[in-house]
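Numbering follows numbering that gives the first Met the number 0, with no gaps: position 2 of the sequence shown is 1. For each residue, glycine too, the CB sits at the ideal point set by N, CA and C. Just so you know, these numbers come straight off a predicted model, no measurement behind them. Read the structure below first, then the notes.
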Amino acid sequence: MSRYELRLPYALSDTLEAAFPEFDLVQIGPAETLLVGSLQDQSQLHALLARVADLGLDIAELRQLR
């Protein structure tokens, strides 16, 4: 299992926040959101990236935490 940090370049609405129940969301200022959570394997990471794309969201940064 690995922890990841996903930075999005805007604040998320309540509806979009609900799309990521497995992540802790941290609002970074008025225009940035940080999602932090654990994923079991690469397939879950790919599923997360697909969900972000399906919602039309942009990714500013993705990091695997050590």
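Bounding residues of the beta strand (DSSP E) (the contiguous stretch that carries residue i)
| i | result |
| --- | --- |
| Gln63 | Glu60 to Leu64 |
Sequence-distant residues of the same chain with beta carbon closer than 6 Å to residue i, five excluded per side
| i | result |
| --- | --- |
| Glu16 | Leu24 |
| Asp40 | none |
Run of the alpha helix (DSSP H) containing residue i, from where it starts to where it stops
| i | result |
| --- | --- |
| Glu16 | Asp13 to Glu16 |
| Asp40 | Careful: Asp40 lies outside any alpha helix (DSSP H) and carries neither H nor E. |
Of the listed residues the options, nearest to residue i (C-alpha basis)
| i | options | result |
| --- | --- | --- |
| Glu31 | Ala49, Ile58, Arg65 and Phe22 | Ile58 |
Separation of residue j from residue i, as counted between CA atoms
| i | j | result |
| --- | --- | --- |
| Leu5 | Ser12 | 16 Å |
| Leu56 | Pro8 | 9 Å |
| Arg65 | Gly36 | 12 Å |
Neighbourhood of residue i by C-beta distance below 8 Å, restricted to the same chain and skipping five residues each side
| i | result |
| --- | --- |
| Glu60 | Glu4, Leu5 and Arg6 |
Same chain only: Cβ atoms within 7 Å of residue i, ignoring 5 sequence neighbours per side
| i | result |
| --- | --- |
| Gln26 | Ala10 and Thr32 |
Counted within 10 angstroms of its Cβ, other Cβ atoms place residue i as buried (16 or more) or exposed
| i | result |
| --- | --- |
| Leu34 | buried |
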